[in-house]
Amino acid sequence: MNDSILENLKPYMLYEEHLRSWNCISTIVETPPTVIPHIIKIQPTKASTITIPKHIQDTLFWCFYIIVEGYHEIDYVFQYPFKYEQEFKYKCIAKLKPKLSILKSLKINIQSVESDVVMNKFLTLSNLGALAIAQEKSILVKCDELYYDFNYGTSYYLIERRGHIFFLHLGDVNDLIRTIQQDCYCINPRKVIKSVSAYTLKELQTISEKLKLPIRNQDKPYTKQILYDAISSKIKKLT
């Protein structure tokens with residue numbers, strides 16, 4: 002009987018072979034699934050504009066200032082605009098003198114530019130062109146259907162006038178520049194239009210189309226004089 006009881010208890014006794022079999026039981030640990038982080042791809046910056054604060058009046062000047070000096074500290078500069086404006090203007094004038102031969106070829110009077118830039122409250126587009134020469138910058142200024150092309154640097158900056166306020170475009174402006182040069186009319190700020198005899202009828206028709214002016218009355222084309230007068234009136238309105 003004792004042998005029978007021992008035999009029945011044998012599976013529960015701590016024999017070496019039992020311990021080995023119990024230690025072979027595998028432990029299953031659930032590993033949480035690996036979470037792959039979502040990668041956000043940043044697209045290249047498209048062209049956008051930088052707006053001059055409302056208390057700054059000469060927006061064209063400050064667009065040019067930012068082109069030359071950058072905009073990373075511009076918020077601080079705008080706290081002391083008169084100080085930085087005067088310092089920058091004199092720095093530009095100093096850089097004009099070595100460019101005297103270029104200025105003469107373009108019939109730009111350096112003394113007149115120096116006086117106007119320092120004394121006048123607002124920077125004119127013609128004087129912007131002179132300062133672009135001084136700083137060796139290429140700047141295209143769009144004013145509705147007109148644009149001014151000051152090409153004295155390696156790559157273009159784009160300024161746009163909306164109403165009476167100028168904005169500076171940032172980022173990639175190459176496509177905008179090409180579109181403006183193709184669709185709008187380029188003028189010389191020192192001589193916005195020549196005499197009527199300097200143009201052919203075809204040239205006046207092309208200019209009219211760029212200025213979004215009609216070139217015919219029903220089926221009859223406008224004469225040179227009618228086209229010229231309309232162009233002169235439109236340019237005067239936009240400049």
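The numbering used here numbers the first residue of the sequence shown as 2 and each following residue consecutively.
Glycine residues also receive a C-beta, built at the ideal position from the N, C-alpha and C atoms.
Hey, out of R179, L101, R217, whose CA is closest to K143's CA? R179
Please work out which residues of its chain come closer than 8 angstroms, Cβ to Cβ, to A95, disregarding the five sequence neighbours upstream and downstream, and give them in chain order. none
From L159 to T224, what distance separates their C-alpha atoms? 35 angstroms
With DSSP collapsed to three states, give me the class of E31. Any reading at E31 needs caution, since the residue's pLDDT is 49, under 50, leaving its predicted position unreliable; the model's value is listed next. E31 falls in the coil class under three-state DSSP.
What are the boundary residues of the alpha helix (DSSP H) that K96 is part of? 82-97
Contact the region 117-129 vs the region 98-108: 3+ CB pairs below 8 angstroms: no
Could you check whether the Cβ of L124 sits closer than 7 angstroms to any heavy atom belonging to the ligand ADP? Annotation note on the ligand ADP: not contained in the displayed structure, which lists no ligands.
Run through the DSSP bridge pairs and tell me what Y186 is partnered with. L147
I need the DSSP call for T207, collapsed to helix, strand or coil. helix
In this structure, what does DSSP give as the bridge partners for K221? N218
State buried or exposed for E115, treating a residue as buried only when at least 16 other CB atoms are found within 10 Å of its CB. buried
From the DSSP output, read off the bridge partner residues of H170. T50
CA-to-CA distance, R163 to Y77, given in whole angstroms: 25 angstroms
Among E86, Q219, I57, which residue has its Cα nearest to the Cα of V119? E86
As assigned by DSSP and simplified to three states, the class of K237: helix
How big is the Cα-Cα spacing for K235 and N110? 28 angstroms
T52 vs F168 beta-carbon contact at 8 angstroms: yes
Can you check DSSP and say which residues form a bridge with N152? S139
6 angstroms Cβ shell around I181 - same chain, five flanking residues per side excluded: K143, Y148
Which residues in the same chain as K42 place their Cβ atom closer than 8 angstroms to its Cβ, once the five residues preceding and following it in sequence are excluded? Unreliable positioning characterises K42 in this predicted model, as indicated by a pLDDT of 34, which lies under 50. A coordinate reading is not provided.
Please classify E161: is it buried, with 16 or more other beta-carbons within 10 angstroms of its beta-carbon, or exposed? buried
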